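Notes follow the structure.
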Amino acid sequence: MIRYLVLLIGSVGLGVVLAQERPPAPATETAAEAWLRVQASGTQASPRGQAQTAQERERALQRWLDSYKHPIPQYLRRPSAKTADN
Numbered sequence: 001m002i003r004y005l006v007l008l009i010g011s012v013g014l015g016v017v018l019a020q021e022r023p024p025a026p027a028t029e030t031a032a033e034a035w036l037r038v039q040a041s042g043t044q045a046s047p048r049g050q051a052q053t054a055q056e057r058e059r060a061l062q063r064w065l066d067s068y069k070h071p072i073p074q075y076l077r078r079p080s081a082k083t084a085d086n
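Counting in full-length UniProt numbering, the sequence shown runs from 1 upward without gaps.
Written out as structure tokens, the structure reads:
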């Protein structure tokens, strides 16, 4: 009986500690959070499928690959970042 009483008191104490450690919930939702919620829920998704043609996919892939041809400007580099030529 004492064992159950100790277990009950310990679990209540643990519940109080865990309840106190939770960060307070934000009072209002920001516009960005609302937009992310809408995107995740899919409620505003188009009922029609939106497929690309093979030519559109190829051009999009080529744009992405071409983006790696441009060097990163010096003003965007962090001084502590290490590069392959260091």
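Beta carbons: idealized from backbone N, C-alpha and C, even for Gly. Note that the structure is a prediction, hence the values are computed from the model and not measured.
Just the Cα atoms here: how many angstroms apart are threonine 53 and arginine 59? 10 Å
Taking DSSP as the reference, what is the three-state secondary structure of glutamate 33? helix
Got a sec? Which residues, its chain only, sit under 6 Å from glycine 42 by beta carbon, not counting five neighbours each side? none
Identify whether glutamine 55 lies in helix, strand or coil by the three-state DSSP scheme. helix
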